[in-house]
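The structure appears below as structure tokens.
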Amino acid sequence: DGGITQSPKYLFRKEGQNVTLSCEQNLNHDAMYWYRQDPGQGLRLIYYSQIVNDFQKGDIAEGYSVSREKKESFPLTVTSAQKNPTAFYLCASSYRDGANVLTFGAGSRLTVL
Amino acid sequence: KQEVTQIPAALSVPEGENLVLNCSFTDSAIYNLQWFRQDPGKGLTSLLLIQSSQREQTSGRLNASLDKSSGRSTLYIAASQPGDSATYLCASRMDSSYKLIFGSGTRLLVRP
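Protein sequence lines, in the order shown, are assigned to chains A and B. The numbering used here applies: residue 25 is where the first sequence begins, and numbers increase by one. The numbering used here applies: residue 1074 is where the second sequence begins, and numbers increase by one.
Spelled out as structure tokens, the structure:
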């Protein structure tokens, strides 16, 4: 079945450590996105990529980095520069068409100890 | 800058009731508007997408409307069921950049 796989589902990190969240899709989608969700809030865009080897900053990119070396993969690194990284992270993908209907992964919950 | 608001933040209704969830946005120059469902601790599932040229979209018991002039969209759920309990989020897309601006969601509880 086609879909988006995020891993790990739960992750604990000590302060000062970098962590990388994985996002893989087999939907043949061109565009991929990373969102952050905090309790009681909507999703905020961290980074997005419309094609391989290209990505743009979203609204809250500081302290995060991404790469898009393959169409299927869009990993997110949460660096030690991110001051409040504890959150629920959601990856999504879509075709580059007018509808732009997003398909989401199940999410990764990051907790900083 | 586009702002998307959903009120109320939480709603509790008895099973079988018809209900309306509200979404308002400040900039009417939207490209499209989407409604999503999110179960606790899970990702989002797309329910309906309305293009800027459309007034409404229907899928089963769900009907979403769009009124750009008033900056509002509504999601109508007919004959609600306990399985409809979830958080419902709306999101507007402003242009061809593929960025979505999300509301904070309405948490719906349908009581048996």
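Note that beta-carbon positions come from the ideal geometry of N, C-alpha and C, so glycine has one too.
Any idea what DSSP makes of residue i, helix, strand or coil?
i: residue 1155 of chain B; result: helix
i: residue 124 of chain A; result: coil
i: residue 10 of chain A; result: As displayed, chain A neither begins before 25 nor continues past 137, which places residue 10 of chain A out of reach and without an answer.
i: residue 33 of chain A; result: coil
i: residue 1110 of chain B; result: strand
i: residue 1177 of chain B; result: coil
i: residue 1183 of chain B; result: strand
i: residue 1115 of chain B; result: coil
What does residue i touch in chain B if you count any residue whose Cβ is under 9 Å from its own?
i: residue 55 of chain A; result: 1171
i: residue 82 of chain A; result: 1172
Going along chain A, which residues have a C-beta under 7 Å from residue i?
i: residue 1177 of chain B; result: 64, 65 and 66
i: residue 1116 of chain B; result: 114, 128, 129, 130 and 131
i: residue 1166 of chain B; result: 124
Residues of chain B with CB closer than 8 Å to the CB of residue i, please, in chain order.
i: residue 46 of chain A; result: Per Cβ cutoff of 8 Å: no residues; residue 46 of chain A is ~14 Å from chain B at best.
Please state if the CB of residue j and the CB of residue i are separated by a distance shorter than 7 Å.
i: residue 47 of chain A; j: residue 128 of chain A; result: no
i: residue 30 of chain A; j: residue 96 of chain A; result: no
i: residue 26 of chain A; j: residue 1175 of chain B; result: no
i: residue 136 of chain A; j: residue 110 of chain A; result: yes
Should residue i be labelled buried (16 or more other beta-carbon atoms within 10 Å of its own) or exposed?
i: residue 1128 of chain B; result: exposed
i: residue 1172 of chain B; result: buried
i: residue 1107 of chain B; result: buried
i: residue 1182 of chain B; result: exposed
i: residue 44 of chain A; result: exposed
Any 3 or more C-beta pairs closer than 8 Å across the stretch 1142-1155 of chain B and the stretch 102-120 of chain A: Short answer: they don't touch.
The stretch 81-92 of chain A / the stretch 1081-1093 of chain B touching (three or more Cβ pairs under 8 Å): The answer is no - the stretch 1081-1093 of chain B does not touch the stretch 81-92 of chain A, with fewer than three Cβ pairs under 8 Å.
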